[in-house]
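Novice:
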Amino acid sequence: MLTGKVALVTGAGRGIGREIALTLAEYGADVIVNYNGSKEKAEEVVAQIKAMGRRAEAVQCSVADYESCGKMITDMLEMFGHIDILVNNAGITKDNLVIKMTEEDFDAVIDTNLKGTFNTMKHMYRPFIKQKAGRIINLSSVSGVLGNAGQANYSASKAGVIGLTKSMARELASRNITVNAVAPGFIDTDMTQAMTDTAKEATLAQIPLKRVGTPRDIAETVAFLASDKASYITGQVISVDGGMAM
Numbered sequence: 002m003l004t005g006k007v008a009l010v011t012g013a014g015r016g017i018g019r020e021i022a023l024t025l026a027e028y029g030a031d032v033i034v035n036y037n038g039s040k041e042k043a044e045e046v047v048a049q050i051k052a053m054g055r056r057a058e059a060v061q062c063s064v065a066d067y068e069s070c071g072k073m074i075t076d077m078l079e080m081f082g083h084i085d086i087l088v089n090n091a092g093i094t095k096d097n098l099v100i101k102m103t104e105e106d107f108d109a110v111i112d113t114n115l116k117g118t119f120n121t122m123k124h125m126y127r128p129f130i131k132q133k134a135g136r137i138i139n140l141s142s143v144s145g146v147l148g149n150a151g152q153a154n155y156s157a158s159k160a161g162v163i164g165l166t167k168s169m170a171r172e173l174a175s176r177n178i179t180v181n182a183v184a185p186g187f188i189d190t191d192m193t194q195a196m197t198d199t200a201k202e203a204t205l206a207q208i209p210l211k212r213v214g215t216p217r218d219i220a221e222t223v224a225f226l227a228s229d230k231a232s233y234i235t236g237q238v239i240s241v242d243g244g245m246a247m
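So for the sequence shown, our numbering puts the first residue at 2; every next one is plus one.
1. Go ahead and label residue 3 buried or exposed: buried means 16 or more other beta carbons lie within 10 angstroms of its beta carbon, across all protein chains shown.
2. Under 8 Å by Cβ, that's how I've got residue 90 and residue 151 pegged, so tell me the actual separation to the nearest angstrom.
3. Where does residue 142 fall in DSSP's three states?
4. Classify residue 98: buried if its beta carbon has 16 or more other beta carbons within 10 angstroms, exposed otherwise.
5. If you check the beta carbons only, do residue 32 and residue 57 fall under 7 Å apart?
6. According to DSSP, simplified to helix, strand and coil, what is residue 180?
7. Would you mind working out which of 51, 77, 187, 30 sits nearest residue 61, comparing C-alpha positions?
8. What's the gap between the Cα of residue 70 and the Cα of residue 194?
9. Along the chain, where does the beta strand (DSSP E) that runs through residue 240 open and close?
10. Please identify the residue among 223, 205, 196, 86 whose C-alpha is closest to the C-alpha of residue 94.
11. Going by beta-carbon coordinates alone, are residue 28 and residue 14 separated by less than 7 Å?
12. May I have a chain-ordered list of the beta strand (DSSP E) segments no shorter than 3 residues that lie completely inside the segment 197 to 238?
13. Just to confirm, are residue 223 and residue 184 a CB contact at a threshold of 7 Å?
14. At what residues does the alpha helix (DSSP H) containing residue 126 begin and finish?
15. Which same chain residues, not among the five before or five after residue 40, have their C-beta less than 8 Å away from its C-beta?
16. Counting only runs of 4+ residues fully inside the segment 76 to 120, write out the alpha helix (DSSP H) ranges in chain order.
17. Looking only at DSSP bridge pairs, what is residue 61 linked to?
18. Near residue 72, what residues of its chain come up, given a Cβ to Cβ distance below 6 Å and the 5 sequence neighbours on each side ignored?
19. Just to confirm the assignment, what range does the beta strand (DSSP E) spanning residue 26 have?
20. Closer than 8 Å is the cut-off here; do at least three beta carbon pairs connect the segment 132 to 140 with the segment 99 to 106?
21. Residues in its own chain within less than 6 Å of residue 147 by CB, not counting five upstream and five downstream?
22. Can you tell me the Cα-Cα spacing of residue 9 and residue 84, whole angstroms?
23. For residue 182 versus residue 163, is the C-beta distance shorter than 7 Å?
24. Within its chain, find whatever has a CB closer than 7 Å to the CB of residue 269; leave out the 5 residues flanking it on each side and keep chain order.
25. Just mark residue 210 as buried or exposed, buried being the case when its beta carbon has 16 or more other beta carbons within 10 Å.
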């Protein structure tokens with residue numbers, strides 16, 4: 002489905018990003034595994050991808066750093082020759098009620114989750130136009146669709162990703178480049194496992210399907226949007242949340 006394609010997945014050392022990287026490789030893509038702090042985990046992902054017979058490279062870069070994003074993309078284009086799929090998955094949380102939230106915590110989340118998404122798309126803009134083809138999949142969140150108490154910074158960043166996705170989809174559609182967002186709900190990751198049992202039960206009560214999602218649920222949706230099967234889909238937000246945001 003993705004044979005011959007090269008994908009850049011940000012924040013691919015752990016959790017959902019890791020599963021996306023591995024799933025794209027399973028479908029035939031070579032994968033650039035971006036990470037910020039988890040070098041060892043990123044290299045494990047690279048080893049697994051290479052074991053499938055695909056090319057892979059781990060590259061350190063904080064997506065919040067505009068210049069570093071530019072260097073990463075320049076270097077990877079030189080190494081791989083082309084990048085066909087960009088998955089903006091890197092994200093952080095610094096949860097708190099606004100009354101207790103610091104300006105630094107608000108800025109840090111916006112800089113990584115929203116500005117980071119802009120940074121990679123900005124640096125891939127010309128290469129994608131030159132190719133007259135490309136797939137961009139941005140990770141939003143059910144929190145960006147519905148809002149969530151204690152996550153004003155995270156919800157704002159993920160809502161911003163949706164607006165950015167729709168604007169870029171309109172800008173790039175004439176060049177055969179699609180831009181879509183995936184909005185995960187309550188997914189079984191290190192982040193959600195750290196929640197208290199009470200918080201988990203309260204969240205599960207909001208899910209019509211009455212179960213937690215898996216990283217694979219998200220990865221399969223991303224792989225579909227990255228494929229030719231989704232060539233007539235752009236500017237959309239696909240909620241993968243068990244019905245939370247219906």
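Glycine included, each C-beta is placed from N, C-alpha and C at the ideal position. Here the structure is a predicted model, which means the values were calculated and not measured.
Specialist: Put simply:
1. buried
2. Not really, about 22 Å apart at Cβ, beyond 8 Å.
3. coil
4. exposed
5. yes
6. strand
7. 77
8. 30 Å
9. 238 to 241
10. 196
11. no
12. none
13. no
14. 117 to 132
15. 14, 59, 61
16. 104 to 110
17. 36
18. none
19. It is not in any beta strand (DSSP E) - residue 26 instead sits in the alpha helix (DSSP H) that spans 16 to 27.
20. no
21. 246
22. 7 Å
23. yes
24. As shown, the chain starts at 2 and ends at 247. That puts residue 269 outside it, with no answer to give.
25. exposed
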